[in-house]
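Taking our numbering, the leading residue of the sequence shown gets 10, the next gets one more, and so forth. Cβ coordinates follow ideal geometry from the N, Cα and C atoms, glycine included. Keep in mind the model is a prediction, meaning the values are calculated, not measured.
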Amino acid sequence: MKDAIHCSLDRAKAAVDGTDAVLWDTRSRAEFEGTQAGYGAPVQMGRIPGADHLEFTELFDSDTKTLKPADELKSLLAANGITPESEINTY
């Protein structure tokens with residue numbers, strides 16, 4: 010089970026070069042671009058090369074503060090290269 014929920018450094022490196030894996034950066038746009046440090050920021054700011062960005066807050070309805078409807082989430086994720094067919098690794 011641990012391997013199913015943990016993305017090791019080797020797995021992340023393979024995902025960068027692979028075609029069936031997605032590295033999904035869920036942090037803010039500024040953290041993704043390396044212009045702002047987040048909580049417990051690493052020594053080197055920015056993103057993993059090849060990562061797709063979709064901030065986690067975009068998954069929520071701004072009025073109700075609940076997840077958007079499933080069909081809307083599916084479209085939003087797919088538009089950002091995040092599909093059920095891919096191995097998805099988030100950070």
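*asked:* Buried or exposed, going by whether 16 or more other CB atoms sit within 10 Å of the CB of E40?
replied: Buried, by the Cβ-count rule.
*When burial is assigned at 16 or more other CB atoms within 10 Å of the CB, is D29 buried or exposed?*
Exposed.
*Residue range of the alpha helix (DSSP H) that includes A21*: Looking at the DSSP string, the run of the alpha helix (DSSP H) that includes A21 is L18 to D26.
*Since E96 is in the alpha helix (DSSP H), which residue starts that stretch and which ends it?*
Taken as a continuous stretch (DSSP letters only), E96 belongs to no alpha helix (DSSP H), being part of the beta strand (DSSP E) at E96 to T99.
*Is A30 helix, strand or coil by DSSP?*
In this structure, A30 counts as strand in the three-state DSSP scheme.
*Quick check: the segment 56-76 against the segment 86-96, are there 3 or more CB pairs under 8 angstroms?*
Contact check between the segment 56-76 and the segment 86-96: three or more CB pairs, one atom from each, fall below 8 angstroms, which counts as touching.
*Sorry if obvious, but does the Cβ on H62 come closer than 6 angstroms to a heavy atom of the ligand SAH?*
As far as ligands go, the structure on display features none, and thus does not contain the ligand SAH.
*Where does D70 fall in DSSP's three states?*
Looking at D70 - three-state DSSP - the assignment turns out to be coil, as it is neither helix nor strand.
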